[in-house]
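Read through the structure below, which is laid out as structure tokens, and then see the notes.
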Amino acid sequence: MFFRELNQGKCKTYLLACETTRKALLIDPIREKTDRYLAALAYFGHKLEYAVDTHTHADHRTGVFELKELTGARVVMHRRAPAPHVDLHVQDGQTIICGEMQLQVLATPGHTPDSMSLYCDGKVFTGDTLLIRGTGRTDFAGGDAGLQYDSITQKLFALSDDTLVYPAHDYRGNTQSRIGEEKRLNPRIADRSKIEYVELMAKLGLPLPTKIQEVLQPNQTALDDDRIAFPTVAELNQVRQLNPLEVQGLINSESPPLVLDVRESNEYSGELGHIHGSRLIPLKDLASRAGEFEAYKGKHVIVICRAGVRSTTAAAILTSLGFEQVSNLRGGMLEWNEHRLPVER
Ligand code: FE
1 MFFRELNQGK CKTYLLACET TRKALLIDPI REKTDRYLAA LAYFGHKLEY AVDTHTHADH
61 RTGVFELKEL TGARVVMHRR APAPHVDLHV QDGQTIICGE MQLQVLATPG HTPDSMSLYC
121 DGKVFTGDTL LIRGTGRTDF AGGDAGLQYD SITQKLFALS DDTLVYPAHD YRGNTQSRIG
181 EEKRLNPRIA DRSKIEYVEL MAKLGLPLPT KIQEVLQPNQ TALDDDRIAF PTVAELNQVR
241 QLNPLEVQGL INSESPPLVL DVRESNEYSG ELGHIHGSRL IPLKDLASRA GEFEAYKGKH
301 VIVICRAGVR STTAAAILTS LGFEQVSNLR GGMLEWNEHR LPVER
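Next comes the structure, spelled out in structure tokens:
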């Protein structure tokens, strides 16, 4: 297997390629380095089959959508990833086949709900779940320290001790580690119980990444559009969140709300289906088409998407446009389906 880290910086992007078929895969490409990746692929004579993100990044714009557009590579993310335009959603235990390479998917939530690690040929790509002598932060974007502890100790530490560890970030100049080393020496995890870990992570008090707004929402929505003013963190935090059963109750009530689905049309008619009577207006068109449902300005509007992330953005946008009663379906159509509530396909 051909293997190279391409950024030589704090953010890591890994190029993996099958030596026989020359089919290649990029893990965690950064948008601003797209030209460099294309040059490397051309130089080595590789054909990009897959552009994979280990999770929805908050510190850099992802390069996966740009690479898809330029090369036809398929975008791969975990099933819980909120963004549209993902070609292959994967889940725990699944295998990504690229030429003669086989990458095993390990769901490792905690840093984000959609965090995954990839195992191939004695190497594990851990995203921001397990870093070298550290772990990814869990204090925003749906992070959960307890889940992360389980992901690390039960999934990653179950790999053999000599497995090489390649994280998505390193701030101290390290390039690789081994599972056995991290078990013994990782100061966040070694000799710590789950309760102690959760306490530690809650006390880190890290500043938010710079440019988080400019990065996180475009990555979550796959939108790159100057016409859309993304809401602030404070505005997003104010959005009222309803669980699927609450939404179902309102839909069946005597004065049902307007149910607005902000996904893309292929998702609306796709695998997860849509809610009967819901109206489709993709997020990118929401602000320009808000006039179509002006009549609902004083009434209840419930916004829906895949994972409940894009729709939270949509709800905040509608609130700023003067809609007085907007709620979000928490967990989106993923959670709606997990509750086995009725869908139309
Ligand atoms: Fe991250």
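Each residue of the sequence shown is one higher than the last, beginning at 1 in my numbering. Don't be surprised by glycine CBs; every beta carbon is placed ideally from N, CA and C. Small disclaimer: the values here were computed from a predicted structure and weren't measured.
heavy atom of the ligand FE below 7 Å from residue i C-beta
i, result
"Ala168", "yes"
"His111", "yes"
"His55", "yes"
"Ala145", "no"
"Ala58", "yes"
"Gly134", "no"
"Asp128", "yes"
Which of helix, strand or coil DSSP assigns to residue i
i, result
"Asp261", "strand"
"Ile195", "helix"
"Leu206", "coil"
"Glu5", "strand"
"Ala229", "coil"
"Arg172", "coil"
"Gly291", "helix"
"Lys23", "strand"
"Gly146", "helix"
"Gly110", "coil"
"Ile132", "coil"
"Glu324", "coil"
"Ala17", "strand"
"Lys155", "helix"
"Ala39", "helix"
"Phe44", "helix"
"Lys123", "strand"
"Glu69", "helix"
"Leu88", "strand"
"Pro82", "coil"
"Ile281", "coil"
"Glu100", "coil"
"Ser344", "Note that residue 344 corresponds to Glu in the displayed sequence, not to Ser. It is a strand residue."
"Gln238", "coil"
"Arg310", "helix"
"Ala51", "strand"
"Ile425", "Outside the shown range of the chain, which is 1 to 345, sits residue 425, and nothing can be said about it."
"Pro218", "helix"
"Ile302", "strand"
"Pro167", "strand"
"Leu272", "coil"
"Thr95", "strand"
"Thr56", "coil"
"Leu118", "strand"
8 Å contact criterion, which residue i and residue j should meet: CB distance rounded
i, j, result
"Ile302", "Met333", "About 12 Å separates the two Cβ atoms, so there is no contact after all."
"Glu267", "Arg306", "6 Å"
"Val262", "Leu283", "4 Å"
"Lys123", "Tyr166", "6 Å"
"Thr95", "Ser115", "That belief does not hold up - the Cβ atoms of Thr95 and Ser115 are roughly 18 Å apart, past 8 Å."
"Ala290", "Leu258", "About 12 Å separates the two Cβ atoms, so there is no contact after all."
"Tyr119", "Tyr149", "Contact doesn't hold; Cβ gap of about 19 Å is too wide."
"Arg61", "Val239", "About 24 Å; that fails the 8 Å criterion."
"Asp161", "Gly180", "3 Å"
"Phe2", "Phe44", "7 Å"
Whether residue i touches residue j by CB criterion (8 Å)
i, j, result
"Ile189", "Ile132", "no"
"Leu347", "Ser288", "Since the first and last residues shown for the chain are 1 and 345, residue 347 lies out of range."
"Lys23", "Gly142", "no"
"Ile317", "Leu341", "no"
"Gly205", "Leu147", "no"
"Thr108", "Lys183", "no"
"Ala42", "Leu26", "no"
"Ala315", "Ser327", "yes"
"Leu347", "Phe140", "Since the displayed the chain opens at 1 and closes at 345, residue 347 lies outside it and no answer follows."
"Phe230", "Gln217", "yes"
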